[in-house]
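As they're listed, the protein sequences go chains A and B. One point on numbering: in the working numbering, the residue at position 24 of the first sequence is 401, and numbering is uninterrupted. One point on numbering: in the working numbering, the residue at position 78 of the second sequence is 455, and numbering is uninterrupted. Below is one structure, written out as structure tokens; the observations come after it.
There are 2 protein chains.
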Amino acid sequence: MPITRETCERLTAGVARILRTGRLLSVRAADAVNGDLPSYGWSLLVPLETDGEQRCSALAARAGVDVSVASRQLAVLERSGHIERRPDPRDGRASLLHLTGAGAAALADARALRSDWATAALADWSEDDARLLGELLDRLAGDLDRAAPAPALSRVAS
Amino acid sequence: MPITRETCERLTAGVARILRTGRLLSVRAADAVNGDLPSYGWSLLVPLETDGEQRCSALAARAGVDVSVASRQLAVLERSGHIERRPDPRDGRASLLHLTGAGAAALADARALRSDWATAALADWSEDDARLLGELLDRLAGDLDRAAPAPALSRVAS
DNA sequence: TCCGTTTGGTTGTGGTCTACAACTGTTGTG
DNA sequence: CACAACAGTTGTAGACCACAACCAAACGGA
Numbered sequence: 378m379p380i381t382r383e384t385c386e387r388l389t390a391g392v393a394r395i396l397r398t399g400r401l402l403s404v405r406a407a408d409a410v411n412g413d414l415p416s417y418g419w420s421l422l423v424p425l426e427t428d429g430e431q432r433c434s435a436l437a438a439r440a441g442v443d444v445s446v447a448s449r450q451l452a453v454l455e456r457s458g459h460i461e462r463r464p465d466p467r468d469g470r471a472s473l474l475h476l477t478g479a480g481a482a483a484l485a486d487a488r489a490l491r492s493d494w495a496t497a498a499l500a501d502w503s504e505d506d507a508r509l510l511g512e513l514l515d516r517l518a519g520d521l522d523r524a525a526p527a528p529a530l531s532r533v534a535s
Numbered sequence: 378m379p380i381t382r383e384t385c386e387r388l389t390a391g392v393a394r395i396l397r398t399g400r401l402l403s404v405r406a407a408d409a410v411n412g413d414l415p416s417y418g419w420s421l422l423v424p425l426e427t428d429g430e431q432r433c434s435a436l437a438a439r440a441g442v443d444v445s446v447a448s449r450q451l452a453v454l455e456r457s458g459h460i461e462r463r464p465d466p467r468d469g470r471a472s473l474l475h476l477t478g479a480g481a482a483a484l485a486d487a488r489a490l491r492s493d494w495a496t497a498a499l500a501d502w503s504e505d506d507a508r509l510l511g512e513l514l515d516r517l518a519g520d521l522d523r524a525a526p527a528p529a530l531s532r533v534a535s
């Protein structure tokens with residue numbers, strides 16, 4: 378029995394609260410960026426920036442959404458010039474997406490905005506606390522990811 | 378300059394990640410509860426449980442959604458017997474919502490489920506870490522709430 | 001080589017959650 | 001007693017999501 382019920386409840390409440398404010402923030406952050414980056418732009422463009430060219434299904438997995446969703450969102454990003462697509466030379470079915478200059482610029486813009494907001498919000502935080510929270514948060518996300526997938530059954534019943 | 382840019386980015390990434398998995402979890406948690414509690418049930422019923430009878434607008438503020446949204450969701454919860462409504466004796470325009478037995482039961486059920494999931498996910502966490510994360514998370518949510526409302530301008534421009 | 005199967009991606013459809021605007025009825029005030 | 005402010009409901013529309021159906025390329029065994 379590692380965790381008190383009380384701290385557990387407190388933790389879930391905190392997560393719920395972060396969920397709420399985070400949802401609001403993400404939409405607000407999106408339409409404050411110059412290059413009219415849609416709200417999902419961040420989660421799709423960042424992987425392209427860090428890992429380079431990759432395919433739709435990989436990006437969908439990264440973003441944690443269905444492939445169909447990613448497909449539509451990427452189509453929008455392509456039309457708006459944030460990304461470009463070229464056929465995968467090794468598989469005619471797939472395309473490889475990569476960031477354009479405009480996309481990278483919009484991403485940098487979004488990053489700057491986020492950084493501004495974060496530094497404002499974390500104004501009176503100590504470096505240690507911030508670092509600690511980052512680590513704990515990441516660890517929690519990983520544990521939740523690992524613990525959650527189990528109940529993905531009992532749907533074929535009827 | 379209180380926070381390194383690096384830890385800041387790490388922190389925002391962690392928050393984004395929690396946002397993703399948390400969103401998935403909350404819907405999964407909702408339709409795993411017996412009393413077919415909708416996904417928003419938790420955020421509306423908990424305040425009723427802890428603070429007792431209150432009005433629609435108060436619940437909307439608590440949940441962080443528009444009053445119209447809360448109104449519809451509360452209507453559903455009333456039809457499904459989780460809450461009941463009585464006219465506010467001091468203001469004929471308002472109603473006071475309160476939890477029914479069925480609502481409390483569904484809430485207890487949901488709480489048990491969440492607790493199970495949380496203890497599974499936090500299996501190898503120490504009490505101290507969990508408590509610390511809860512505190513930091515709460516603090517962060519508060520600071521974000523305070524820091525975010527500012528950029529709610531620049532919309533009347535055109 | 002050829003045909004059935006698998007796989008990557010797109011599109012059709014429907015459901016959920018959300019906000020804003022318009023409206024009804026109530027309260028309180030000059 | 002009009003009139004502004006307010007509580008809540010309903011109309012409407014948009015964002016996001018998943019599942020199912022589908023197309024075309026790729027794969028694999030006979």
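Every residue, glycine too, gets a C-beta built ideally from N, C-alpha and C. Since the model is a prediction, treat every value here as computed from it, not as a measurement.
In chain order, what residues of the region 501–516 of chain A put their CB closer than 9 Å to some CB of chain B? D501, W502, S503, E504, D506, A507, R508, L509, L510, G511, E512, L513, L514, D515 and R516
Identity of the residue in B:A483, B:D493, B:G519 and B:A507 nearest S416 of chain B by Cα: B:A483
Taking S457 of chain A as the query, report the chain B residues whose CB atoms sit under 7 Å from its CB, ordered along the chain. Chain B residues near S457 of chain A: none, gap ~20 Å exceeds 7 Å.
If you drop the 5 nearest sequence neighbours on each side, which residues of the same chain put their C-beta closer than 7 Å to that of R463 of chain B? S472 and L473
Residue range of the beta strand (DSSP E) that P464 of chain B falls in? I460 to P464
Alpha-carbon to alpha-carbon, D428 of chain B and A481 of chain B: 13 Å
With a threshold of 8 Å between beta carbons, is C433 of chain B in contact with chain A? no
So which residues of chain A does G469 of chain B contact, with C-beta pairs closer than 9 Å? Ordered by position in chain A, no residue passes the 9 Å Cβ test against G469 of chain B, which lies about 32 Å from the chain.
Contacts that G418 of chain B makes with chain A (C-beta to C-beta distance below 7 Å): Those within 7 Å of G418 of chain B in chain A number zero; the least Cβ separation is about 13 Å.
So who's on the other strand from L474 of chain B, going by DSSP bridges? B:Q431 and B:R462
Chain-order list of residues whose beta-carbon lies under 8 Å from that of A527 of chain A (same chain, five-residue window excluded): Any reading at A527 of chain A must be qualified, since the residue scores a pLDDT of 45, below 50, and its modelled position is unreliable; no value is offered.
Classify G458 of chain B: buried if its beta carbon has 16 or more other beta carbons within 10 angstroms, exposed otherwise. exposed
R467 of chain A by DSSP, collapsed to three states: which one? coil
Pick from A:L510, A:L414 and A:A524 that is closest to T384 of chain B, judged by C-alpha positions: A:L510
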